[in-house]
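Chemist:
Number of protein chains: 2
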Amino acid sequence: MPGTPSGWGLANLPFGVASVPGQPGPRVVVAHGQHAVDLHAAASAGVVDTGVDPQVFAAPSLNRLLAEGRDSWRTVRSTVADALGAREPLPGDVLVPLEQLSMLRPVAVGDYVDGYGGIHHATNMGRLLRPGSEPLAPNWRRMPVAYHGRAGTVVVSGHPVRRPWGQVGDGDGARLVPAARLDIELEVGFVVGTGNPLGCPVSVDRAADHIFGVVLLNDWSARDVQAYESQPLGPFLGKSFATSISAWVVTVDALAPYLVHGLAAHQQPAPAPYLRTEDPWVPDLRLEVLLQSRAMAASGTPPAVISRVRYAEAMYWSMAQQLAHATVNGASTRPGDLFGSGTASGPDPRTQGGSLLEVTWGGEQPIELPGGERRSFLEDGDTVVLRGRCEADGRGGRREAVALGDVVGTVVPASPGTPTR
Amino acid sequence: MPGTPSGWGLANLPFGVASVPGQPGPRVVVAHGQHAVDLHAAASAGVVDTGVDPQVFAAPSLNRLLAEGRDSWRTVRSTVADALGAREPLPGDVLVPLEQLSMLRPVAVGDYVDGYGGIHHATNMGRLLRPGSEPLAPNWRRMPVAYHGRAGTVVVSGHPVRRPWGQVGDGDGARLVPAARLDIELEVGFVVGTGNPLGCPVSVDRAADHIFGVVLLNDWSARDVQAYESQPLGPFLGKSFATSISAWVVTVDALAPYLVHGLAAHQQPAPAPYLRTEDPWVPDLRLEVLLQSRAMAASGTPPAVISRVRYAEAMYWSMAQQLAHATVNGASTRPGDLFGSGTASGPDPRTQGGSLLEVTWGGEQPIELPGGERRSFLEDGDTVVLRGRCEADGRGGRREAVALGDVVGTVVPASPGTPTR
Numbered sequence: 000m001p002g003t004p005s006g007w008g009l010a011n012l013p014f015g016v017a018s019v020p021g022q023p024g025p026r027v028v029v030a031h032g033q034h035a036v037d038l039h040a041a042a043s044a045g046v047v048d049t050g051v052d053p054q055v056f057a058a059p060s061l062n063r064l065l066a067e068g069r070d071s072w073r074t075v076r077s078t079v080a081d082a083l084g085a086r087e088p089l090p091g092d093v094l095v096p097l098e099q100l101s102m103l104r105p106v107a108v109g110d111y112v113d114g115y116g117g118i119h120h121a122t123n124m125g126r127l128l129r130p131g132s133e134p135l136a137p138n139w140r141r142m143p144v145a146y147h148g149r150a151g152t153v154v155v156s157g158h159p160v161r162r163p164w165g166q167v168g169d170g171d172g173a174r175l176v177p178a179a180r181l182d183i184e185l186e187v188g189f190v191v192g193t194g195n196p197l198g199c200p201v202s203v204d205r206a207a208d209h210i211f212g213v214v215l216l217n218d219w220s221a222r223d224v225q226a227y228e229s230q231p232l233g234p235f236l237g238k239s240f241a242t243s244i245s246a247w248v249v250t251v252d253a254l255a256p257y258l259v260h261g262l263a264a265h266q267q268p269a270p271a272p273y274l275r276t277e278d279p280w281v282p283d284l285r286l287e288v289l290l291q292s293r294a295m296a297a298s299g300t301p302p303a304v305i306s307r308v309r310y311a312e313a314m315y316w317s318m319a320q321q322l323a324h325a326t327v328n329g330a331s332t333r334p335g336d337l338f339g340s341g342t343a344s345g346p347d348p349r350t351q352g353g354s355l356l357e358v359t360w361g362g363e364q365p366i367e368l369p370g371g372e373r374r375s376f377l378e379d380g381d382t383v384v385l386r387g388r389c390e391a392d393g394r395g396g397r398r399e400a401v402a403l404g405d406v407v408g409t410v411v412p413a414s415p416g417t418p419t420r
Numbered sequence: 000m001p002g003t004p005s006g007w008g009l010a011n012l013p014f015g016v017a018s019v020p021g022q023p024g025p026r027v028v029v030a031h032g033q034h035a036v037d038l039h040a041a042a043s044a045g046v047v048d049t050g051v052d053p054q055v056f057a058a059p060s061l062n063r064l065l066a067e068g069r070d071s072w073r074t075v076r077s078t079v080a081d082a083l084g085a086r087e088p089l090p091g092d093v094l095v096p097l098e099q100l101s102m103l104r105p106v107a108v109g110d111y112v113d114g115y116g117g118i119h120h121a122t123n124m125g126r127l128l129r130p131g132s133e134p135l136a137p138n139w140r141r142m143p144v145a146y147h148g149r150a151g152t153v154v155v156s157g158h159p160v161r162r163p164w165g166q167v168g169d170g171d172g173a174r175l176v177p178a179a180r181l182d183i184e185l186e187v188g189f190v191v192g193t194g195n196p197l198g199c200p201v202s203v204d205r206a207a208d209h210i211f212g213v214v215l216l217n218d219w220s221a222r223d224v225q226a227y228e229s230q231p232l233g234p235f236l237g238k239s240f241a242t243s244i245s246a247w248v249v250t251v252d253a254l255a256p257y258l259v260h261g262l263a264a265h266q267q268p269a270p271a272p273y274l275r276t277e278d279p280w281v282p283d284l285r286l287e288v289l290l291q292s293r294a295m296a297a298s299g300t301p302p303a304v305i306s307r308v309r310y311a312e313a314m315y316w317s318m319a320q321q322l323a324h325a326t327v328n329g330a331s332t333r334p335g336d337l338f339g340s341g342t343a344s345g346p347d348p349r350t351q352g353g354s355l356l357e358v359t360w361g362g363e364q365p366i367e368l369p370g371g372e373r374r375s376f377l378e379d380g381d382t383v384v385l386r387g388r389c390e391a392d393g394r395g396g397r398r399e400a401v402a403l404g405d406v407v408g409t410v411v412p413a414s415p416g417t418p419t420r
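Which chain is which? The protein sequence lines are A and B, in order. So the first sequence is residues 0 to 420, counted in numbering that gives the first Met the number 0. So the second sequence is residues 0 to 420, counted in numbering that gives the first Met the number 0.
1) Excluding sequence positions up to five away, which residues of its chain have a Cβ less than 8 Å from the Cβ of A/Asn-62?
2) Look up B/Trp-164 in the DSSP assignment and say whether it is helix, strand or coil.
3) Just to confirm the assignment, what range does the alpha helix (DSSP H) spanning B/Ser-306 have?
4) Taking 8 Å as the CB-CB cut-off, is A/Pro-231 touching chain B?
5) For B/Trp-219, decide whether its Cβ has a neighbour in chain A, counting only Cβ atoms nearer than 8 Å.
6) Per DSSP, B/Asp-113 is paired with what?
7) Just reading off the beta strand (DSSP E) that B/Val-27 is part of, what are its end residues?
8) Determine the closest residue to A/Thr-242 out of A/Pro-231, A/Leu-258 and A/Asp-218, with distance taken between C-alpha atoms.
9) Could you check whether the Cβ of B/Thr-242 sits closer than 8 Å to any Cβ belonging to chain A?
10) Is it a yes or a no for the stretch 149-163 of chain A touching the stretch 229-241 of chain A, going by three-plus beta-carbon pairs under 8 Å?
11) If we count Cβ pairs, one from each stretch, closer than 8 Å, do we get three or more for the stretch 23-35 of chain B versus the stretch 191-209 of chain A?
12) How many angstroms separate the CA atom of A/Val-155 from the CA atom of A/Leu-103?
13) Put A/Ala-264 into one of helix, strand or coil per three-state DSSP.
14) At what residues does the alpha helix (DSSP H) containing A/Val-224 begin and finish?
15) Anything in chain B within Cβ reach of A/His-260, meaning under 8 Å, just list it in chain order.
16) Does B/Leu-135 come out as helix, strand or coil in the three-state DSSP assignment?
17) What residues in its chain sit with their C-beta under 6 Å from that of A/Val-477, if we drop five residues either side in the sequence?
18) Got a sec: which bits of the stretch 298-331 of chain B sit with their beta carbon under 8 Å from any beta carbon on chain A, in order along the chain?
19) Let me know if A/His-209 comes out buried or exposed under the rule of 16 or more other beta-carbons within 10 Å of its beta-carbon.
20) May I ask you to list, following chain order, the residues of the stretch 95-117 of chain B that have a beta carbon less than 7 Å from some beta carbon of chain A?
21) Based on Cα-Cα distance, which residue from A/Gly-172, A/Val-251, A/Thr-250 and A/Ala-325 lies nearest to B/Ala-271?
22) Output yes or no for whether 8 Å exceeds the beta carbon distance between A/Asp-37 and A/Val-93.
23) Do you know how far the Cα of A/Gly-109 is from the Cα of B/Pro-23?
24) Over the uninterrupted alpha helix (DSSP H) stretch that includes B/Ile-118, give me the two end residues.
25) Since A/Thr-342 meets chain B, which of its residues come closer than 9 Å, beta carbon to beta carbon?
26) Answer with buried or exposed for B/Pro-231, where buried requires no fewer than 16 other C-beta atoms within 10 angstroms of its C-beta.
27) With DSSP collapsed to three states, give me the class of B/Ser-437.
28) Please list, in chain order, the residues of the stretch 153-176 of chain B that have any C-beta partner in chain A closer than 9 Å.
29) Would you call the stretch 130-145 of chain A and the stretch 358-374 of chain A in contact, with 3 or more CB pairs under 8 Å?
30) How would you label A/His-265, buried or exposed, when you count the other beta carbons within 10 angstroms and need 16 or more for buried?
31) Please decide whether B/Asn-123 counts as near chain A, where near means a Cβ-Cβ distance under 8 Å.
32) What residues from chain B crowd round A/Pro-268, counting only those whose CB sits closer than 8 Å?
33) If B/Phe-338 and B/Gln-321 are in contact, beta carbons under 8 Å, what's the gap, nearest whole angstrom?
34) Distance check for A/Gly-408 and A/Gly-380, CA to CA, integer angstroms please.
35) As an exercise, report each continuous beta strand (DSSP E) stretch of at least 3 residues that is fully enclosed by the stretch 29-75 of chain A, in chain order.
36) Note down the Cα distance separating B/Thr-193 from A/Gly-148, rounded to an integer number of angstroms.
Okay, structure coming up:
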């Protein structure tokens, strides 16, 4: 979270989980400006009456709160807003400076599904990886193609990311090396609040009732590992070493004033009925990818923006369509399940690519960083920041800005050796 | 579990979780013959002193016991064996008839990884799906190829399996239909006991220390859905509607007398050092697939064996190699993580195929059931049973048979309608 409270006002009130000084275990917290409300302290002291058992807020994840259902989340959020807006300030053990918190992963992820719903990204990947053939597979405009990622390696913003080892193709054979083509993917994730039982699909028009909120998501990718392993069953070790998400989950309610009709409003061919909706909502997020090398950090040079993407112009498939599709076969979801949108890239890969693979066009057109360093893929010591916000109305309008939580990750070198026996 | 106690003696003692009549919540149980030991009742009464907090046994899954570590699992199992072998019979609330138990899913699955390590299966799939090209991808003999499946839809044996809806290709387009090519996959799964932290791979020679035990696994597959959706990211809805596992987890210790050196002892080319081992152990399991149609059940005809597979002759990649590979990039695992072997098929697809796709060779050579019905793929009302055991020595030897828990599932019709909006 940057030093400015812009985007962190009463219109936002994102949820997270943190270690709070002086408290024995993790707490559910709600951010407001430079502070956070410790919901357990607030509920226990009767400062905030949420109607929810205070023990739900003394938990290592938001999952118990999610399981309480949408009415409860809304009540908690509105009650906190009332208390923050009241004349009397909240007590010091309830309102804690953000800088004193140690943020934890906000949800215990049950299943993690990663999508592929960005049309420019999918097109670019097709051109790069399967040159000479139609870039989009026949299924791509018919369904929000996705796969399951590794839930156990979803980490919170700030967690270092170790360069993975992996087998890469080498002539007729392969060799085990630290991944050389380490990349990022700029994604928006959503967290399931209310799950659905086995055999009961979520309809596209009811999907919003099931979605608690939104995070930024960095789907770290080892391109060389991924390329060698992916036939015929898809990505595995090229992705499973780490996926970073925001510490703060911004609720769908907070994003409501910023929902627009995205590309899903103009899908051709029209998708199957279970994917059709008259309200193809998508949050109008402005996203940025920033990169800071070790040398830049040492010289005090701030992270440089290497890509800017307007989310609603990137995504062909919406969150609601993704959830409807993932459950149309009867699959269940659970509170805390995480869905990644797929990489969000704008039309121009050089300035709007959601991955370095696109920005540097397969590594062939390196970018130059402040200070003169060049990058095709990530080097050890590089820090990547994903940032996103819905902007306030330009002319004194009624909408406050709403920011997502930054996702920050620094690449640390591969382990010096891998186990042989 | 069949009516015979053969394979369920003191040499086995598999673990499960059950609802026990008169008890308020689920209990961890150990099977012996026609009975099960309620570990919570046993530990609370002091009949069995396991050294583990009895609350670990009053739990909805084995996960807390798994987290206690290998020494604890072993102590519990040997202590139970001692108590069962003692002169005094166990009290009635400790030793419960199996028929009184309602078996639950034994583990809360964190991540589910499904492999592709059966060489005859992978070869058959290549021939069926990519005719005219080399059946095995270049990576196949270099690494145990795998992908992540859906953990939240792993169900216990006995749970009905609803035929999924899904999009299938139709000329240039696609249509949403109940899957027509519903299939099974005969697999052996292993359950992680002790996990590994992020950044610390499991070495192939230490993998057995991390594996708690083994289940049978039916990786239900909608072939028509899978075929249309899988490019480029692999299987998704064609698999995610259900995966069935045994209610009983047979420990690696119980299988120890039956470990043999399988195909992994003769891998060519030699795999990368992190996959090499001088002890490529594999349990010498005899596996069977049985099928019973609704008509057969109505007429009292028992399930018919449609395939018999010797596991050690099916699997090119071992469990230890699979775990070493899945973590070589630094990915962590957790107690309760589930790994499927990939389909186990013998050399002859007609009589040793681990899937109907192989047995009926793409559906072109239907099989005939007792009573004259024919099957290419599964029909509604069909019940599939997976069965597996390590046989006792033939000539009065010292080894008792050890059986895995059957996996039973009956196909129920697709939901009459899918949500449109």
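Virtual Cβ for every residue (Gly too), placed ideally from N, Cα, C. Predicted model only: the values in this text are computed from it and were never measured.
Modeler: Reading off the structure:
1) Its chain contains Val-106, Ala-107, Pro-334 and Gly-335 as the residues whose beta carbon lies nearer than 8 Å to that of A/Asn-62, once the 5 sequence neighbours on both sides are disregarded; these appear in chain order.
2) Strand at B/Trp-164.
3) Run containing B/Ser-306: none in the alpha helix (DSSP H); it sits in the beta strand (DSSP E), 303-309.
4) A/Pro-231 counts as touching chain B.
5) Answer no: the Cβ-Cβ gap between B/Trp-219 and chain A never drops below 8 Å.
6) In DSSP, B/Asp-113 forms a bridge with B/Tyr-146 and B/Gly-339.
7) 26-31
8) The closest CA to that of A/Thr-242, considering only A/Pro-231, A/Leu-258 and A/Asp-218, is found on A/Asp-218.
9) no
10) yes
11) no
12) One C-alpha to the other measures close to 6 Å.
13) helix
14) 222-228
15) Neighbours of A/His-260 on chain B: none; closest Cβ ~16 Å, over 8 Å.
16) coil
17) One cannot answer for residue 477 of chain A here, as it falls past the ends of chain A, which runs 0 to 420.
18) Those residues of the stretch 298-331 of chain B that come within reach of chain A (Cβ to Cβ, closer than 8 Å) are Ala-323, His-324, Ala-325, Val-327, Asn-328, Gly-329, Ala-330 and Ser-331.
19) buried
20) Gly-109, Asp-110 and Tyr-115
21) Ranking the options by Cα distance to B/Ala-271, first place goes to A/Gly-172.
22) yes
23) 26 Å
24) Element bounds for B/Ile-118: 118-128.
25) None at all; the shortest Cβ gap to chain B is about 12 Å.
26) buried
27) In the structure displayed, chain B extends from 0 to 420; residue 437 of chain B sits before or after that span and is not available.
28) Val-154, His-158, Arg-161, Arg-162, Pro-163, Trp-164, Gly-165, Gln-166, Gly-168, Asp-171, Gly-172, Ala-173, Arg-174 and Leu-175
29) no
30) exposed
31) no
32) Gly-172
33) Contact between B/Phe-338 and B/Gln-321 holds: their C-beta atoms lie close to 6 Å from each other, under 8 Å.
34) 10 Å
35) Correct list: 34-37.
36) 21 Å
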